[in-house]
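A.B. asks: Starting off with a structure, shown below.
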């Protein structure tokens, strides 16, 4: 009988977890992995009861964090279930009672009906517009969703959901090496899914908050900072690449122009400096910013083609703005090039260094 494995990372759970797992088993989920992520000693009886019920229980000596718990669970899943023809995928579930069994069943049904030739990340999406949703949860998730769409071009309504389905089993190999030990790992998985062109689907689920979300282990300030650092990481690397390339361009122009006086010297210095700085920018973007595995011959032609188009657009738009608006040429260029900078970021991410395009 085809089914999904259930993975539950748990920290200091109460007896509701045992009752929840019992309900899952009654619905036919016979393979359940529990990660005891360094829980207090008084919780040992709960994990022992879960083990007696037939669950696989892995214990961390200390609290490593949700990200580490998920990765260790994924690793165990791949070693034990990847080659099992009856296992279609894995579903991660939080231990605090936020994910109803009926929603887990709906997710399992979608996984069963997904082609084994297609990689899928299925997200259980909560609705944050309800009056019962804590304000900090509503605002934080909506802000992260907005920034994710802005930076990665994919609208995800619930970036921090713990109810996630993965199929086929081998798709997990694309997530095991990602950085992140706590809640930021879930954000890293979304970024990786976009990069690797894994299909992301959203399944609306019932929004449940237990005791106004008082049982969460999410640290609003510290974990938010780490998540946004992960979220903006690619763009900040892109920004650094551009700024350092500009510095190299200016330095080389200065050194070469100093050795070759006259108008011809300026042209030669400009061409040489731009050739070196642009290749540096291409190399850093390919290897560090977008971590592209694409063929160099293809990506380099796309990159320089984009550079030429961007230069033409810049000249045309600056000329147009200068004729239509009473603004200095330098200000027009600064505005136009800033907008083109952000557009170029998306084009490089989606086309130039995209694995699917390459």
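Numbering (our numbering), first residue to last: 203 to 560.
From the three backbone atoms N, C-alpha and C, an ideal C-beta is built for every residue, glycine too.
It should be emphasised that the depicted structure is a prediction, and the values quoted were computed from it without experimental measurement.
Might you give, ordered along the chain, the residues of its own chain that have their beta carbon closer than 6 Å to the beta carbon of residue 354, omitting 5 neighbours on each side?
C.D. replies: Translated into positions along the chain shown, residue 354 becomes position 152. Once the five neighbours on either side are set aside, the close Cβ partners of residue 354 are 396.
A.B. asks: Indicate whether the contact test is met: 3 or more Cβ pairs, each with one atom in the region 221-241 and one in the region 274-293, closer than 8 Å.
C.D. replies: With a cut-off of 8 Å, the region 274-293 and the region 221-241 count as touching, because enough Cβ pairs lie within range.
A.B. asks: Look at residue 291 and residue 313 and say whether their C-beta atoms are less than 9 Å apart.
C.D. replies: Counted from its first residue, the chain shown places residue 291 at position 89. Counted from its first residue, the chain shown places residue 313 at position 111. Yes; because the gap between Cβ atoms is below 9 Å, this pair is in contact.
A.B. asks: Which runs of the alpha helix (DSSP H) at least 4 residues long sit entirely within the region 261-311? Give them in chain order.
C.D. replies: With a minimum length of 4 residues, the continuous alpha helix (DSSP H) runs that stay inside the region 261-311 are 268-283.
A.B. asks: Exposed or buried, which one is residue 548 when buried takes at least 16 other CB atoms within 10 Å?
C.D. replies: Against the chain shown, residue 548 aligns to sequence position 346. Residue 548 is exposed by the Cβ-count criterion.
A.B. asks: Which residue from 495, 250, 431 puts its Cα closest to that of residue 399?
C.D. replies: As a working mapping, residue 399 is identified with position 197 in the chain shown. Residue 399 has its Cα closest to that of 495, out of 495, 250, 431.
A.B. asks: Whole angstroms are fine: how far does the CA of residue 351 sit from the CA of residue 446?
C.D. replies: For the purposes of this step, residue 446 is taken as residue 244 along the chain shown, with counting starting at 1. For the purposes of this step, residue 351 is taken as residue 149 along the chain shown, with counting starting at 1. Using only the alpha carbons, I get a separation of about 27 Å.
A.B. asks: Could you tell me the alpha carbon to alpha carbon distance between residue 214 and residue 249, rounded to whole angstroms?
C.D. replies: By 1-based counting over the chain shown, the position of residue 214 is 12. By 1-based counting over the chain shown, the position of residue 249 is 47. Taking the straight line joining both Cα atoms gives about 10 Å.
A.B. asks: Opposite residue 368 in the DSSP bridges: which residues?
C.D. replies: Within the chain shown, numbered from 1, the residue matching residue 368 stands at position 166. Residue 368 is bridged to 292, 323.
A.B. asks: DSSP on residue 205, reduced to helix/strand/coil?
C.D. replies: Sequence index remark: in the chain shown, residue 205 carries index 3 (1-based). Residue state, collapsed to three classes: strand.
A.B. asks: What are the residues that DSSP puts in a beta bridge with residue 401?
C.D. replies: The residue labelled residue 401 in the question sits at position 199 within the chain shown. BP columns for residue 401 point to 322.
A.B. asks: As an exercise, report each continuous alpha helix (DSSP H) stretch of at least 4 residues that is fully enclosed by the region 414-485, in chain order.
C.D. replies: Taking only runs of at least 4 residues, the alpha helix (DSSP H) segments lying wholly in the region 414-485 are 422-461.
A.B. asks: Would the region 446-461 count as touching the region 422-432 if we require 3 or more Cβ pairs under 8 Å?
C.D. replies: Because the criterion of three Cβ pairs below 8 Å is not met, the region 446-461 and the region 422-432 do not touch.
A.B. asks: Using C-beta distances below 8 Å, list every residue in its chain close to residue 546, excluding the 5 sequence neighbours before and after it, in chain order.
C.D. replies: Here residue 546 refers to the residue found at position 344 when the chain shown is read from its first residue. Taken in chain order, the residues that qualify are 508, 512.
A.B. asks: With a threshold of 7 Å on Cβ separation, who are the neighbours of residue 229 within its own chain once the five nearest residues in sequence on each side are excluded?
C.D. replies: Residue numbering aside, residue 229 sits at position 27 when the chain shown is read from its first letter. Hits under 7 Å: 303, 307.
A.B. asks: If we ignore side chains and look at the alpha-carbon of each, how far apart do residue 242 and residue 216 end up?
C.D. replies: Taking the first residue of the chain shown as 1, we reach residue 242 at position 40. Taking the first residue of the chain shown as 1, we reach residue 216 at position 14. Whole-angstrom Cα-Cα distance: 11 Å.
A.B. asks: For the alpha helix (DSSP H) holding residue 539, just list the boundary residues, first then last.
C.D. replies: Here residue 539 is taken as the residue at index 337 of the chain shown, counted from 1. Unbroken alpha helix (DSSP H) run through residue 539: 531-549.
A.B. asks: According to DSSP, which residues form a beta bridge with residue 259?
C.D. replies: Walking along the chain shown from the start, residue 259 turns up at place 57. Its beta-bridge partners are 236.
A.B. asks: So which of 209, 362, 251 has the shortest CA-CA distance to residue 221?
C.D. replies: Here residue 221 is taken as the residue at index 19 of the chain shown, counted from 1. Nearest of 209, 362, 251 to residue 221, Cα basis: 251.
A.B. asks: Per DSSP, what are the beta-bridge partners of residue 211 in this structure?
C.D. replies: As a position in the chain shown, residue 211 is number 9, starting the count at 1. 237, per the DSSP bridge assignment.
A.B. asks: Could you please give me the residues that DSSP links to residue 406 through a beta bridge?
C.D. replies: Counting from 1 along the chain shown, the entry for residue 406 is found at position 204. Looking at the DSSP assignment, residue 406 forms a beta bridge with 327.
A.B. asks: CA-CA distance, residue 388 and residue 362?
C.D. replies: Working through the chain shown from its first residue, we reach residue 388 at position 186. Working through the chain shown from its first residue, we reach residue 362 at position 160. So the alpha carbons of these two residues sit roughly 7 Å apart.
A.B. asks: Going by C-alpha distance, which of 347, 218, 374 is nearest residue 275?
C.D. replies: Counting from 1 along the chain shown, the entry for residue 275 is found at position 73. For residue 275, the nearest C-alpha among the options comes from 374.
A.B. asks: Where does residue 357 sit, in a helix, a strand or coil, going by DSSP?
C.D. replies: Position 155 of the chain shown, counted from the first residue, corresponds to residue 357. Residue state, collapsed to three classes: coil.
A.B. asks: Please list, in chain order, all residues of the same chain as residue 491 whose beta carbon is under 7 Å from its beta carbon, the five residues on each side excluded.
C.D. replies: Residue mapping note: residue 491 aligns to position 289 of the chain shown, counting from 1. Correct list, in chain order: 436, 439, 440, 443.
A.B. asks: Going by the beta-carbon positions, is the gap between residue 309 and residue 405 smaller than 9 Å?
C.D. replies: In the chain shown, the residue the question calls residue 309 occupies position 107. In the chain shown, the residue the question calls residue 405 occupies position 203. In this structure, residue 405 lies closer than 9 Å to residue 309 by Cβ.
A.B. asks: Taking DSSP as the reference, what is the three-state secondary structure of residue 497?
C.D. replies: Indexing the chain shown from 1 puts residue 497 at position 295. In the structure shown, residue 497 sits in coil (DSSP, three-state: anything other than H, G, I, E or B).
A.B. asks: Distance check for residue 510 and residue 471, CA to CA, integer angstroms please.
C.D. replies: The count along the chain shown starts at 1 and reaches residue 471 at position 269. The count along the chain shown starts at 1 and reaches residue 510 at position 308. Rounded to whole angstroms, residue 471 to residue 510 spans 19 Å at the Cα level.
A.B. asks: Assuming residue 250 is part of the alpha helix (DSSP H), what are its boundary residues?
C.D. replies: For the purposes of this step, residue 250 is taken as residue 48 along the chain shown, with counting starting at 1. First-last of the alpha helix (DSSP H) with residue 250: 246-254.
A.B. asks: Find the nearest neighbour of residue 367 within the set 554, 499, 267, 321, judged by alpha-carbon distance.
C.D. replies: Within the chain shown, the letter at position 165 stands for residue 367. Among 554, 499, 267, 321, the Cα nearest to that of residue 367 is on 321.
A.B. asks: Determine the direct distance from the alpha carbon of residue 553 to that of residue 543, and round the result to whole angstroms.
C.D. replies: Indexing the chain shown from 1 puts residue 543 at position 341. Indexing the chain shown from 1 puts residue 553 at position 351. Near 15 Å, if we compare the C-alpha coordinates of residue 553 and residue 543.
A.B. asks: Skipping 5 residues on each side, what residues in its chain have a beta carbon closer than 8 Å to that of residue 535?
C.D. replies: For the purposes of this step, residue 535 is identified with residue 333 of the chain shown, where counting begins at 1. Cβ within range, chain order: 516, 520.
A.B. asks: Identify, in the order they occur along the chain, each residue of the same chain with its Cβ nearer than 8 Å to the Cβ of residue 531, setting aside the five sequence neighbours on each side.
C.D. replies: Your numbering for residue 531 matches position 329 in the chain shown. Once the five neighbours on either side are set aside, the close Cβ partners of residue 531 are 520, 524.
A.B. asks: So what does DSSP say about residue 316, is it helix, strand or coil?
C.D. replies: Position 114 of the chain shown, counted from the first residue, corresponds to residue 316. In the structure shown, residue 316 sits in coil (DSSP, three-state: anything other than H, G, I, E or B).
A.B. asks: Can you find the residues in the same chain that come closer than 6 Å, C-beta to C-beta, to residue 329, ignoring five residues on each side of it along the sequence?
C.D. replies: In the chain shown, counting from the first residue as 1, residue 329 sits at position 127. Correct list, in chain order: 409.
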